[in-house]
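Per the numbering used here, numbering of the sequence shown is gapless, rising by one per residue and ending at 358.
Ideal Cβ placement from N, Cα and C applies to all residues, glycine included.
Note that this is a predicted model, so its numbers are computed, not measured.
Heads up: the structure comes next, in structure tokens.
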Amino acid sequence: MRRVLTVLVVLLAVYFAITRLGEVQEVAQTVQRGNPWWLGLGLLLQAAWLVNTALTLRAVYRLMGVPSRLRDLLPLVITGNFINIVAPSGGMGGMAVYISDARRRGLSASRVTIAGVLHLLLEYFSFLCVLALGLVVLVRRNNLTAIEAAASIVLLAAALTLTGLLALGAWSPTRLERVLKWAARTVNRAAQPVLRRPYLSEAQAHEFTVEAVEGLGVLRAHWLEYVPAAVLALLGKALLIGILLMVFLAYGTPFSSGTLVAGFSIGHLFTIVSPTPSGLGVVEGALTLGLVSLRVPLRPATVITLGYRAFTFWLPFAYGFFALRVLHWQWDRGEVKVGTPGSEETQGTQGK
7 MRRVLTVLVV LLAVYFAITR LGEVQEVAQT VQRGNPWWLG LGLLLQAAWL VNTALTLRAV
67 YRLMGVPSRL RDLLPLVITG NFINIVAPSG GMGGMAVYIS DARRRGLSAS RVTIAGVLHL
127 LLEYFSFLCV LALGLVVLVR RNNLTAIEAA ASIVLLAAAL TLTGLLALGA WSPTRLERVL
187 KWAARTVNRA AQPVLRRPYL SEAQAHEFTV EAVEGLGVLR AHWLEYVPAA VLALLGKALL
247 IGILLMVFLA YGTPFSSGTL VAGFSIGHLF TIVSPTPSGL GVVEGALTLG LVSLRVPLRP
307 ATVITLGYRA FTFWLPFAYG FFALRVLHWQ WDRGEVKVGT PGSEETQGTQ GK
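Written as structure tokens, this is what we have:
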């Protein structure tokens, strides 16, 4: 079954690439016109960003008491991003990869689920810090639109909702179970006229809460224990801004620090708050218009947008093909560390 799912994901990826072939060719032609030295530095920053994302996840895993190694988490992070693109599911596709990996390593799936949600929250709040600066720039230049303000509110609401659920579970698992059951009943009532059957199981809400009690208790750790993961999440946003800087330099376009921060804020905001996977099509339009409003001429703004998306969307998408294979190779090897980091105990898993 796992191999069938892998083949299905690859076929979806091939279909996705074929349907977007014109955009890929346009991006490739745009990249070829840039200064290779600055683009090369952009590639280095991109590699640092991917490694930093895996390090952030490792810091969260350690906070939750989940053993992990960077060489295992890097293909996991890249594959999760790849799955979210080819099979968009609101980020849950990537979460499914984390949970599958946890089960094959003999780890607590509930703890890994909570770690995945906490990692997502750190990404949200670290970006909200940068977004606040970007919105200040847009307000000072009288360029803030209702669409950007509404998207920012949606992101903040999503972050606060997830935070509230985790906090509720950490201090009162019983109340969390009630909320999850209420949400399941609400979704089932909405889906009943179409599906003619319950879509979500209230029993699963109870099972998840029971399994997650120990992991949720870990969230009551002292706030200083969250600092390493939070700092790494902020560093990730700095690296993305650095990539945008390299693209500006590669095409010889003048810029200011405010333009960089506000431009990145617009692009990343619509990568998250978008009806399309990773903001495909939405980001290209929003970032181009955003840069134009920041006094970047239309043609350079279009080129910069395509170059930036090459680093943050298309290349990671390509890496996903290889990361998916590496991840399955790791699973098929049959030996994974379990227990605490540094333990000599191993467990064989066939992974088939």
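Enumerate in chain order the residues of its own chain whose CB-to-CB distance from residue i is below 6 Å, with the five nearest sequence positions on each side excluded.
i    : result
V66  : A121, L124, H125 and A235
I91  : P283, S284 and F323
L134 : none
S263 : none
L150 : L144
L45  : A256
L333 : P81 and T85
L240 : S132
For residue i, does the three-state DSSP call read helix, strand or coil?
i    : result
S114 : coil
S271 : helix
V302 : coil
N41  : coil
S284 : helix
Y257 : coil
P1   : Any property of residue 1 remains undetermined from this structure, which presents the chain solely from 7 to 358.
M7   : Any reading at M7 must be qualified, since the residue scores a pLDDT of 41, below 50, and its modelled position is unreliable; the value itself is stated next. Coil at M7, not helix or strand.
R147 : coil
S262 : coil
V33  : helix
V279 : coil
V57  : helix
L49  : helix
Who are the Cβ neighbours of residue i in its own chain at under 7 Å, not counting the five residues just before and after it?
i    : result
V279 : A157, V160 and L161
T294 : A307, T308 and T311
A329 : P81, I84, T85 and F88
G100 : G86, N87, I89 and N90
A176 : L222, G223, L225 and R226
T277 : S284, G285 and V289
R3   : Examination of residue 3 is not possible in this model, given that the chain is present from 7 through 358 alone.
Q52  : I249, F317 and L321
Under DSSP, the alpha helix (DSSP H) around residue i begins and ends at which residues?
i    : result
F317 : Run containing F317: none; DSSP gives neither H nor E here.
E231 : E231 -> no alpha helix (DSSP H), and no H or E assigned at all.
F88  : L76 to V92
C175 : It is worth fixing the name first, because residue 175 is Gly in this sequence and not Cys. Element bounds for G175: A152 to W177.
Would you say residue i touches the ligand ATP, meaning its beta carbon is less than 8 Å from a heavy atom?
i    : result
I310 : Ligands displayed in this structure: none; no statement on the ligand ATP is therefore possible.
Quick one, which of the options has its alpha-carbon nearest residue i's?
i    : options                   : result
V237 : V136, L168 and T294       : V136
L141 : T311, H334 and G273       : G273
L266 : T277, V253 and T308       : V253
L230 : L69, I89 and P81          : L69
L144 : L297, P303, R109 and P306 : L297
A102 : T119, E290 and L304       : T119
T36  : R110, F131, V57 and R315  : R315
Q38  : L251, G291, S271 and A256 : A256
R77  : L56, S299, L139 and G258  : L56
V302 : E129, F261 and A268       : F261
R146 : G287, R305, A268 and R226 : A268
R226 : F276, S74 and L174        : L174
K243 : L47, L79, T62 and V289    : T62
G40  : L250, S132, L186 and R75  : L250
S299 : A53, N148 and G248        : N148
I153 : A176, A292 and V233       : A292
G48  : R181, W335, L321 and L304 : L321
A209 : A196, V185 and Y232       : V185
L304 : G287, N58 and T259        : T259
Y232 : F131, S178 and P281       : F131
Near residue i, what residues of its chain come up, given a Cβ to Cβ distance below 8 Å and the 5 sequence neighbours on each side ignored?
i    : result
L127 : A165, L168, T169 and L172
L246 : W55, F270, H274 and T318
V72  : A108, L113, S114, R117, V118 and A121
Would you verify that the beta carbon of residue i is, or is not, closer than 9 Å to some beta carbon of chain C?
i    : result
A163 : The structure shown contains no chain C; it is built from a single protein chain.
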